[in-house]
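Everything on this sheet refers to the single structure shown next.
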Amino acid sequence: MRKRQAKKRPLLPDPKFNDQLVTRFVNMMMWDGKKSVAFKVFYDAIAIVEEKKQDDEKTALELWKDALSNVMPHVEVRSRRVGGATFQIPMQIRPDRKVSTAMKWLISYARKRNEKSMAQKLAAEVLAAAKEEGAAVKKRVDTHKMAEANKAFSHFRF
Numbered sequence: 001m002r003k004r005q006a007k008k009r010p011l012l013p014d015p016k017f018n019d020q021l022v023t024r025f026v027n028m029m030m031w032d033g034k035k036s037v038a039f040k041v042f043y044d045a046i047a048i049v050e051e052k053k054q055d056d057e058k059t060a061l062e063l064w065k066d067a068l069s070n071v072m073p074h075v076e077v078r079s080r081r082v083g084g085a086t087f088q089i090p091m092q093i094r095p096d097r098k099v100s101t102a103m104k105w106l107i108s109y110a111r112k113r114n115e116k117s118m119a120q121k122l123a124a125e126v127l128a129a130a131k132e133e134g135a136a137v138k139k140r141v142d143t144h145k146m147a148e149a150n151k152a153f154s155h156f157r158f
């Protein structure tokens, strides 16, 4: 077998919260292999979220997980050529792809914000996403709208 599926490497849980999802997020956020810097940025962001949050019954990490689930798309459009025309076909997303897409959007829209440090940017985006607002949530809404608009082509699924 030459073209088999690559094996999923097990991720080590992060040192502070003992959570694999955090490690996955930090790995996506990391630049130039600087993992300790990425971890510091994430933990600082969580500390800022802890200070700024309104409701006291949830921890900052739970807020971050809420933000992530609020950003997760459930459908996406894929391009497919049918007889010379390209159609945008709505498709369900695999669970692991949902998570990684949500992480990508959260990180990229945090980077585009205009606070001082990356930790502050990330904290602000997480707080916004936890309240169902912010650019990353808007991206999810737009993706869902796009899929809804192209529902007529869903019989072209592959």
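Letter 66 of the sequence shown, counting from 1, is numbered 66 in my numbering, and no numbers are missing. Where a beta carbon is used, it is the ideal one built from N, C-alpha and C, also for glycine.
When you compare only the Cα positions, how much space is there between residue i and residue j?
{"i": "F17", "j": "R24", "result": "13 Å"}
{"i": "T143", "j": "N70", "result": "13 Å"}
{"i": "E51", "j": "S117", "result": "16 Å"}
{"i": "L12", "j": "L21", "result": "10 Å"}
Can you tell me whether residue i is helix, strand or coil according to DSSP?
{"i": "S79", "result": "strand"}
{"i": "P95", "result": "helix"}
{"i": "T59", "result": "coil"}
{"i": "F156", "result": "helix"}
{"i": "Q88", "result": "strand"}
Exposed or buried, residue i, counting other C-beta atoms within 10 Å across all chains shown (16 or more means buried)?
{"i": "E76", "result": "buried"}
{"i": "K139", "result": "buried"}
{"i": "A136", "result": "buried"}
{"i": "W64", "result": "buried"}
Suppose the cutoff is 6 Å on Cβ atoms and the five residues either side in sequence are ignored; what does the same chain contact list for residue i look like?
{"i": "L68", "result": "A102"}
Residues in its own chain within less than 8 Å of residue i by CB, not counting five upstream and five downstream?
{"i": "K104", "result": "M28"}
So, at 7 Å on beta carbons, what are the nonlocal neighbours of residue i in its own chain, with the 5 sequence-adjacent residues on each side left out?
{"i": "D66", "result": "A130"}
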